[in-house]
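S.K.: Converting from the sequence shown to the numbering used here requires adding 64 to each position, the first position being numbered 1.
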Amino acid sequence: MMLLLVQGVYAQGEWNNWYFGGKAGIRFQDESPPVALLDGECGAVRTVTSVISDSSGQFLFSTNGGMVYNRLQLIMQNGNMLHGANNYEAVITVPFPGNPGKYYIFTDGLTGLPPAPPGYRMEYNIVDMTLDNGLGGIMPGFKNVLVPGAELSSGTVTAVPHQNNRDFWIIVQIRDFPKKFLAYLLTSEGLRPPVISTSTLQPSRYSPSRMRFSADGHKMVCLYSMFQHAEFYTFDPSSGILVSEYTFSCIGQFGIASAEFSIDGKYLYIITTNNPFNCKIAQFNAELTDSIAFMASEAKVANTNYRGKMQLGPDWKIYISKSGANLSIDSLSVIHHPGNPALLCGYQNNHIPLLGRPGMESVP
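(1) Among Y152, N163, A214 and P159, which one has its Cα closest to the Cα of T220?
(2) For F123, report the span of its beta strand (DSSP E) as first-last.
(3) When you compare each of T337, G107 and N142 to A149 by their alpha carbons, which one comes out closest?
(4) Please list the terminal residues of the continuous beta strand (DSSP E) segment that includes C299.
(5) Just the Cα atoms here: how many angstroms apart are K166 and V115?
(6) Touch check for the stretch 257 to 266 and the stretch 123 to 143: three-plus C-beta pairs under 8 Å?
(7) Give me whichever residues DSSP pairs with L210 in a beta bridge.
(8) Please identify the residue among I320, L249 and K244 whose C-alpha is closest to the C-alpha of Q292.
(9) My understanding is that M374 touches A294, with C-beta atoms under 8 Å, so please give their C-beta distance in whole angstroms.
(10) Rounding to the nearest angstrom, what Cα-Cα distance links I190 and E215 in this structure?
(11) Do you know offhand how far T111's Cα is from D379's?
(12) Regarding V115 and the ligand FMN, is the C-beta to nearest heavy atom distance less than 7 Å?
(13) For S355, which of helix, strand or coil comes out of DSSP?
(14) Using DSSP with H/G/I as helix, E/B as strand and the rest coil, what is L407?
(15) Among residues of its own chain, excluding the 5 on either side of F241, which ones have a beta-carbon nearer than 6 Å to its beta-carbon?
(16) Below 8 Å on the Cβ atoms is my guess for F232 versus P161; work out the distance and round it to an integer in Å.
(17) Compute the distance between the beta-carbons of A223 and I238, then report whether it is under 8 Å.
(18) Among K344, N342 and A360, which has the Cα closest to the Cα of A350?
(19) DSSP three-state call for N197: helix, strand or coil?
(20) Rounded to whole angstroms, what is the Cα-Cα separation between K207 and V132?
(21) How many angstroms separate the CA atom of E105 from the CA atom of K244?
(22) Answer with buried or exposed for Q266, where buried requires no fewer than 16 other C-beta atoms within 10 angstroms of its C-beta.
(23) On a Cα-Cα basis, can you pick out the residue from P98, P225, A363 and R274 that is closest to L250?
(24) Does the beta-carbon distance from S326 to F84 come in below 8 Å?
(25) Return the first residue and the last residue of the beta strand (DSSP E) that Q93 is part of.
(26) Answer yes or no: do E78 and D103 have a C-beta to C-beta separation smaller than 8 Å?
(27) Which partner residues does L306 have in the DSSP bridge list?
(28) Determine the extent of the beta strand (DSSP E) in which E324 is found, giving its start and end residues.
(29) Excluding the five sequence neighbours on either side, which residues of its own chain have a C-beta within less than 7 Å of the C-beta of N163, listed in chain order?
(30) Starting from D280, trace the beta strand (DSSP E) both ways and give me its first and last residue.
(31) Tell me, to the nearest whole angstrom, how far the beta carbon of Q10 is from that of V398; I am working on the premise that it is less than 8 Å.
(32) Go ahead and label D394 buried or exposed: buried means 16 or more other beta carbons lie within 10 angstroms of its beta carbon, across all protein chains shown.
(33) Going by beta carbon distance, what residues of the same chain come within less than 8 Å of S313, once the five residues before and after it are set aside?
(34) Taking only the alpha-carbon atoms, compute the straight-line gap between T368 and Y333 and give it to the nearest angstrom.
(35) Relative to the alpha-carbon of L101, which residue among K87, T113, D94 and E95 has its alpha-carbon at the smallest distance?
(36) If you follow the beta strand (DSSP E) that V398 is in, where does it begin and where does it stop?
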């Protein structure tokens, strides 16, 4: 998973390379459209990947939550058998604040370890780029380390920069009633105990499939694995507190597959689906604070015959990987101007060729 909102924290270039899907990839460069990469080994079908580059845009490593691949596209030293390869958004990577060359990989997957079933729990791994002659490796003793309090997590993890633009909030939902969100602050000294926020919204019997934040870190939507309803929250990047706002749904649609905010946070885009041949991209006004008004603001962007995963790019366009009845769709669609109303947002189908490598539902 990419930290779309970490652009203010990452240096320019650290987000320039994406690897995903059936070993597909793209590279962003200057003002030109991204170009396909054919050297990737990191792939996933419906789970996200997480990719890190340096400030000059040189690729460092990628992970699908199970394996970590170094810049030579080989399995990184001690980089196998992580526990985040079995849910939609179960892996994310962030820099270790104040520790140049070190990164935290957080996973939230099925471990087969207690408490089970179902056995989801959040763990962390620390990558040190000085290991293996500069190719990097997971530090001994810092692999698949359980995060205290996250033994009953729900299988999805995300991250948000702290208001200080230096530290990070690592956020998971806990399987509890009422449901709770835990926000762990990662500082130069490591993880602090979590800030706990209790949701007041109607509980879902499903675990969340995606948690998507706006670029400023103040808004969050929580999706529930092809369920018709989703939840809207507001977030305080200073305190780590999530506030329940409202539940919304897409009338006439079976489920919500993906969501993404425009860079200014004004619009929320979602992909809804009835089946692989009957899907829709819709835009909502995310500045509205009432659920009825929010749902009434829905505007159709396009009808499609595929599901997809949306991700805001470093050029502030929204890229959409695609998966339908045929998993081998080797292109990305693009919303060129997501900050504009739906009629002017510039949706373009099959805009970025992936040259024979399918994107599936797994852009970072």
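Glycine included, every Cβ here is placed at the ideal spot set by N, Cα and C.
This one's a predicted model, so the numbers in the text were calculated from it and none came from an experiment.
M.R.: The short version:
(1) Y152
(2) F123 to T127
(3) G107
(4) Looking at the sequence shown, residue 299 is not Cys but Phe. From DSSP, the beta strand (DSSP E) with F299 extends over H293 to F299.
(5) 14 Å
(6) no
(7) E187
(8) I320
(9) At roughly 14 Å, the Cβ-Cβ gap does not stay under 8 Å, so M374 and A294 are not in contact.
(10) 19 Å
(11) 23 Å
(12) Only the bare structure without any ligand can be found here, which leaves the ligand FMN out of the picture.
(13) helix
(14) helix
(15) none
(16) 7 Å
(17) no
(18) A360
(19) helix
(20) 12 Å
(21) 36 Å
(22) exposed
(23) P225
(24) no
(25) A88 to Q93
(26) no
(27) F299
(28) G319 to F325
(29) S252
(30) Where D280 is concerned, there is no enclosing beta strand (DSSP E), given that its DSSP letter is neither H nor E.
(31) Not covered by the structure: residue 10. The range shown for the chain is 65 to 428.
(32) buried
(33) Q292, H293, A294 and M359
(34) 14 Å
(35) K87
(36) S395 to I399
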